[in-house]
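In UniProt numbering, the protein residues as written are 1 to 207.
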């Protein structure tokens with residue numbers, strides 16, 4: 001399914017499908033779908049493997065963009081290792097989806113993320129740094145993933161996540177999360193306090 005024309009997913013959805021292509025990676029080949037949020041021109045992608053529209057619960061992950069972790073290999077977070085682990089798991093399963101939402105820094109943007117990092121270097125945690133800048137702790141909109149999953153014909157998932165908000169949002173919007181699969185990778189001395197804060201203040205699952 002490849003096109004260069006916009007295709008609104010549903011009349012009420014802000015997300016439009018733009019195009020799809022083949023994406024070979026070190027873990028295997030994915031099909032990459034491109035989407036656009038027409039409200040802010042923000043671009044998002046989904047990576048899929050296998051027969052995702054079979055009606056079975058699909059192995060999946062909703063991953064928020066993290067340039068520093070995903071592309072620059074930062075040890076301040078666990079985002080890059082989580083993305084790699086999810087891509088590998090989906091390929092091993094032979095069927096699955098990764099929805100990659102371009103919501104950098106929990107939705108505050110890259111430059112604000114750098115400002116927050118500076119405050120963290122001075123002693124604040126990841127939550128208090130955002131608040132000190134007058135920014136929300138988490139401004140992400142996971143409901144966008146539901147529209148993307150709808151387009152792909154996915155209505156039931158086994159979700160790789162430690163974040164209860166992702167589970168709650170998908171379920172509230174009609175996606176059946178039949179199983180939550182922990183994704184604890186990438187821990188190192190640099191991100192211990194970051195991971196602790198996610199557990200203590202953002203109530204991430206510890207398993």
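Beta carbons are placed, not taken as given, at the ideal position from N, Cα and C, and that holds for glycine.
With the rule of 3 Cβ pairs closer than 8 Å, the segment 71–87 does not count as touching the segment 36–44.
By the C-beta density criterion, residue 116 is buried, having at least 16 other C-beta atoms within 10 angstroms. Cα atoms of residue 189 and residue 127: separation of roughly 19 Å, rounded to the nearest angstrom. Within its own chain, the residues whose Cβ lies closer than 8 Å to the Cβ of residue 191, once the five positions on either side in sequence are excluded, are 75, 76, 77 and 78, listed in chain order. Counting the other Cβ atoms within 10 Å of the Cβ of residue 122 gives fewer than 16, which makes it exposed. For residue 65, the secondary structure class from DSSP, reduced to helix, strand or coil, is coil. Shown here for residue 47: same chain residues with a beta carbon closer than 6 Å to its own, the five before and five after excluded, namely 30, 32 and 98 in chain order.
About 3 Å separates the CB atoms of residue 107 and residue 139; that is less than 8 Å, so the two are in contact.
The three-state secondary structure of residue 164, taken from DSSP, is helix. Following the DSSP letters along the chain, one finds residue 98 inside the beta strand (DSSP E) bounded by residues 96–101. It is roughly 15 Å from the alpha-carbon of residue 94 to the alpha-carbon of residue 26. In the DSSP annotation of this structure, the continuous segment of the beta strand (DSSP E) that includes residue 42 starts and ends at 42–49.
According to the DSSP assignment, residue 79 belongs to the alpha helix (DSSP H) that extends over 79–93. When secondary structure is reduced to three states using DSSP, residue 126 falls in the helix class. Within the same chain, 89, 90, 93, 95, 96, 97, 157, 158, 160 and 181 come within 8 Å of residue 59 by CB-CB distance, once the 5 residues on both sides are set aside.
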